[in-house]
Amino acid sequence: MTSKEEEKSWKEISIAAVCWKPSTDFLTGDWKTFKPVRDLGKCIRCLLCVMFCPDGAIHWIAEKGDIEFDYNYCKGCGICANECPTKAIEMKIE
Amino acid sequence: MDSEKWGFTVKDIVEKPDLFMSGHRACAGCAPAIVMRLIMKAVRGPTIVTTATGCMEIVSTLYPYTSWAVPWLHTAFENAAANASGIESAIKVLRKKGRIKGEHVDVIAIAGDGGTYDIGFQALSGAVERGHDFLFVLYDNEAYMNTGIQRSGGTPLGAATTTSPAGQVIPGKLEPKKPIADIMAAHEIPYVATASPYYWRDLITKARKGLEVEGPAFLHVFAPCPRGWRSDSAKSIELSRLAVETCIFPLWECIRGEYQLSAPSKVIAIEPQRKKPVKEYLAMQGRFRHLFTSKYENLIDEIQRITDQRWQNLLKKCGITS
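One line per chain: the protein sequences are A and B, in this order.
Residue numbers for the first sequence follow the working numbering, so the first one is 6 and each next one is one higher.
Residue numbers for the second sequence follow the working numbering, so the first one is 124 and each next one is one higher.
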């Protein structure tokens, strides 16, 4: 949410209420109860978790040739753990 | 590159930037959010998106934040398709006047089942009749989830919602689901298809095909909602797979009136023993919990009967007889 200082009066709000801030400024990671933890040995880098993450919170880092969880946005739904074909991801209480 | 030659790999998709960005406020395990991400991976150039009122509009654009990395427009519940026709016509006029040059601009209209089956239907039917060039994406979570789970034309038979509550009087919704994709195919538009996020390659290819055709295209995407379906948030993708495997939501394409089954459903058509009973799909969802009591047990058979009948009809339309 916008802080008090940022709040604008109706005269300053953009015409037709244009949203001007990217939602990536808003971190949704504090919603989660469980967080995904990966077993590096079991992971085959099939990237299905990247494909199925509703929050885009798993990134493919091309330079490292590996994936990375972004806990800033992860809501802990557990889809990645459920869909992982080798069961490399486990949901652990945070 | 057109979809025929577009042999994309997993890496092509994951390396493509997200045009539906992180930080949106969808519930944990939201399948419509996955659908949005995958659809936006299919765009080929400049794109304008318009969304009807619904979960995906609310969660992605909480003022002043927006999750859309493309130009995005919202007006009201009933007019996603009318917006899209307006945008498409405006682009045409600007091009005629020489104000814009260069690449083709893709227009995507997105609406939920409420904004398509019920409220937005007249605008959609009119827009496709006029033949505007846009892709309409319906993400079907089978009720008005944004306003608190009221039944819509897309809610299946026997599902408990707040306006069709299962109890002593009724066993959930009394009417079967409206076959919206068949209705759109009956408009004889160039492209109609159904898709499910579990089959992501199929989904992305179909979205791209819909963008490529000249004229209107309609894409019906299955999108489980853990909140409204009372299902485990981790099982959203599993449910979208089961819906295809039980033939509750078969995958097909209809190109200018010619029906054809897509690969995941074709496998079941060839080997009918692979078809799973609907019970398996229903048991995973709390909204069907009452069907597993002795009072409403017969409804499961009824759901199975409707599913089988629709599947047989589809096979006939695709020219496959068993």
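From the three backbone atoms N, C-alpha and C, an ideal C-beta is built for every residue, glycine too.
* Asked: Whose Cβ in chain B lies nearer than 8 Å to the Cβ of D30 (chain A)?
  -> What D30 (chain A) touches in chain B: G146, Y188.
Whose Cβ in chain B lies nearer than 8 Å to the Cβ of C48 (chain A)?
Simply none; closest approach about 14 Å.
*asked:* Quick check: is the beta carbon of T174 (chain B) nearer than 8 Å to any beta carbon in chain A?
replied: no
Helix, strand or coil: which one does DSSP assign to D263 (chain B)? strand
Note to self: I need the DSSP call for H197 (chain B), collapsed to helix, strand or coil.
What the structure shows: coil
Exercise for the section: Drop a sphere of 10 angstroms on the beta-carbon of P140 (chain B), count the other beta-carbons inside from all chains shown, and report buried for 16 or more, exposed for fewer. Expected result: exposed
Straight-line Cα distance separating A340 (chain B) from V228 (chain B): A direct Cα-Cα distance of roughly 15 Å separates V228 (chain B) from A340 (chain B).
Can you say whether V182 (chain B) is buried or exposed, counting buried as having 16 or more other CB atoms within 10 angstroms of its CB? Around the beta-carbon of V182 (chain B), 16 or more other beta-carbon atoms lie within 10 Å, marking it buried.
* Nearest to E73 (chain A) by alpha carbon, out of A:A21, A:C48, A:K37? -> Looking at the Cα atoms, A:C48 is the closest of the given residues.
(message) So if I threshold CB-CB distances at 7 Å, which residues from the region 309-323 of chain B count as touching chain C?
(response) As a matter of chain content, chain C is missing from the structure shown, whose protein chains are A and B.
Review point. Out of B:G243, B:A156, B:P302, which has the shortest C-alpha to C-alpha gap to M56 (chain A)?
Key: B:A156
**Prompt:** Among A:K26, A:W15, A:V42, A:G34, which residue has its Cα nearest to the Cα of M96 (chain A)?
**Reply:** A:V42
| request: Can you check DSSP and say which residues form a bridge with K97 (chain A)? | output: A:K40
Looking at F39 (chain A): is its Cβ nearer than 8 Å to the Cβ of G70 (chain A)?
no
Leaving out the 5 sequence neighbours to the left and right, which residues in its chain are closer than 7 Å to R160 (chain B) when beta-carbon positions are compared? So the qualifying residues of the chain are D141, F143.
TODO: Count the other CB atoms, across all protein chains shown, that sit within 10 Å of the CB of I231 (chain B); report buried if there are 16 or more and exposed otherwise.
DONE: buried
What residues are listed by DSSP as bridge partners for Y188 (chain B)? A:K26
message: Tell me the rounded alpha-carbon separation between F257 (chain B) and E211 (chain B).
response: 7 Å
* Does the count of Cβ pairs from the region 147-155 of chain B and the region 171-188 of chain B closer than 8 Å reach three? -> yes
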